[in-house]
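Chains as they are written, first to last, in our numbering: chain P, 1 to 153; chain H, 154 to 306. We treat Cβ as the ideally placed atom computed from N, Cα and C, and that holds for glycine. From a predicted model like this one, the values you see are computed outputs, not experimental measurements. Following: one structure in structure tokens, then a few remarks.
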DNA sequence: TCACATTTAATTGTTCGCAATTGAATGTGC
DNA sequence: GCACATTCAATTGCGAACAATTAAATGTGA
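What follows is the structure, encoded as structure tokens:
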């Protein structure tokens, strides 16, 4: 005979939900990143876009979206703000007029050097060895990919 | 002499960032939850608030915020939407007029039964044993708590 | 008691995140 | 060559998320 808070409720308990763990960890990361990224004049999603562009430049919006799992509804205004900050340039492709290519400006390239300090600070804040973090990251990525596989039916 | 994409850039590479793993996993979870929660008429953050309330009712906004790491700027409008959906009632405390107490309505209580199907579906989607998920969850929570400790200086 | 700090929600403004729609460009089948 | 579907970015609308501010209630010290 179950009382309130019985074992049957365990799956609904907040502390038992991996999803909430991930959700709240993402916010915690965001709060740690905030003061670091303020110095670069970037928000966290903007920083992610810059990470993509620092790896490869002159790519359509679609490509950025595939890497970050974001769509044009998110990226279009974000990229316009990066353009207003003179970090990227948006130009419609001449080969395929449907595409908008995103290229770094000299300032956008230059920001990469300043950004190198960020991962170090995050590593320090996580108070964890690199190998532990890599192992966790690989597990989380594997989980994410299984979840994304379910979405595509 | 480093070329482009040298080893010095490794920390800035998107795929090496645990933070992006967490960020993208959170979004993947959200997308899996979406169709399940649509049946309950809830968004994911609203679902989290309901989880808190199903554990304990009649609590001030502050308490909910502490459990979910959210502030009143997020919760006040969210709770107003839950009230508009007749799932909670907001009443100012008579003992301390600064506080607004959040109580479940009968419909709010009743929704708990429908919600029991959700964690099962998520478990299936994650395609992972319970023990593996619990282990990951504990690691992620530990990381989150270390990050949050840094924020409080 | 009365000035003062603290606590608590609410509000405002900016930025994400996504669903749904629009509209232009491109590709395809017949 | 032409109707048709597909692709891609942009737009609109809604719901978070948070910083900063406001305002009311409460607690505290002299």
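Can you tell which of the options has its C-alpha closest to the C-alpha of residue i?
| i | options | result |
| --- | --- | --- |
| residue 258 of chain H | H/271, H/238, H/231 and H/281 | H/238 |
| residue 231 of chain H | H/202, H/293, H/173 and H/168 | H/202 |
| residue 297 of chain H | P/150, P/136 and P/107 | P/136 |
| residue 155 of chain P | P/9, P/72 and P/36 | Because chain P spans 1 through 153 in this model, residue 155 of chain P falls outside it and cannot be assessed. |
| residue 111 of chain H | H/222, H/234 and H/261 | Nothing about residue 111 of chain H can be read from this structure; chain H reaches only from 154 to 306. |
| residue 46 of chain P | P/94, P/39, P/89 and P/81 | P/81 |
| residue 8 of chain P | H/266, H/220 and H/221 | H/266 |
| residue 127 of chain P | H/303, H/219 and H/247 | H/303 |
For chain H, check one thing: does any of its Cβ atoms lie closer than 8 Å to the Cβ of residue i?
| i | result |
| --- | --- |
| residue 122 of chain P | yes |
| residue 137 of chain P | yes |
| residue 77 of chain P | no |
| residue 131 of chain P | no |
| residue 2 of chain P | Caution applies to residue 2 of chain P, whose pLDDT of 47 falls short of 50 and renders its modelled position unreliable; the value that the coordinates give is listed next. Judged by the 8 Å Cβ criterion, residue 2 of chain P is not in contact with chain H. |
| residue 49 of chain P | no |
| residue 156 of chain P | A query on residue 156 of chain P cannot be resolved here, the shown segment of chain P reaching from 1 to 153 and no further. |
| residue 143 of chain P | yes |
Cβ atoms of residue j and residue i: under 8 Å apart, would you say?
| i | j | result |
| --- | --- | --- |
| residue 171 of chain H | residue 217 of chain H | no |
| residue 147 of chain P | residue 272 of chain H | no |
| residue 23 of chain P | residue 179 of chain H | yes |
In whole angstroms, what is the alpha-carbon distance linking residue i and residue j?
| i | j | result |
| --- | --- | --- |
| residue 62 of chain P | residue 56 of chain P | 13 Å |
| residue 240 of chain H | residue 204 of chain H | 12 Å |
| residue 286 of chain H | residue 28 of chain P | 20 Å |
| residue 174 of chain H | residue 139 of chain P | 9 Å |
| residue 15 of chain P | residue 295 of chain H | 12 Å |
| residue 194 of chain H | residue 207 of chain H | 16 Å |
| residue 251 of chain H | residue 245 of chain H | 7 Å |
| residue 282 of chain H | residue 270 of chain H | 18 Å |
| residue 31 of chain P | residue 122 of chain P | 11 Å |
| residue 2 of chain P | residue 225 of chain H | Confidence at residue 2 of chain P is low in this model, with a pLDDT of 47, below 50, so the placement of that residue should be treated as unreliable; the coordinate-derived value is given next. Looking at the two C-alpha atoms, the distance is approximately 35 Å. |
| residue 229 of chain H | residue 249 of chain H | 18 Å |
| residue 227 of chain H | residue 111 of chain P | 32 Å |
| residue 83 of chain P | residue 39 of chain P | 18 Å |
| residue 243 of chain H | residue 163 of chain H | 50 Å |
| residue 196 of chain H | residue 268 of chain H | 13 Å |
| residue 247 of chain H | residue 305 of chain H | 32 Å |
Any chance the CB of residue i is under 7 Å from a heavy atom of the ligand SAH?
| i | result |
| --- | --- |
| residue 246 of chain H | As presented, the structure is devoid of all ligands, the ligand SAH included, so that no description of it is given. |
Using a Cβ-Cβ cut-off of 8 Å, state whether residue i counts as contacting chain P.
| i | result |
| --- | --- |
| residue 280 of chain H | yes |
| residue 214 of chain H | no |
| residue 319 of chain H | Residue 319 of chain H falls outside the range modelled here, since chain H spans only 154 to 306, and no answer is possible. |
| residue 267 of chain H | no |
| residue 241 of chain H | no |
| residue 180 of chain H | yes |
| residue 293 of chain H | yes |
| residue 164 of chain H | yes |
Quick one: complete alpha helix (DSSP H) runs, 4+ long, within the stretch 181-257 of chain H?
-> Entirely contained in the stretch 181-257 of chain H, the alpha helix (DSSP H) runs reaching 4 residues are, in chain order, 197-208, 214-221 and 225-237.
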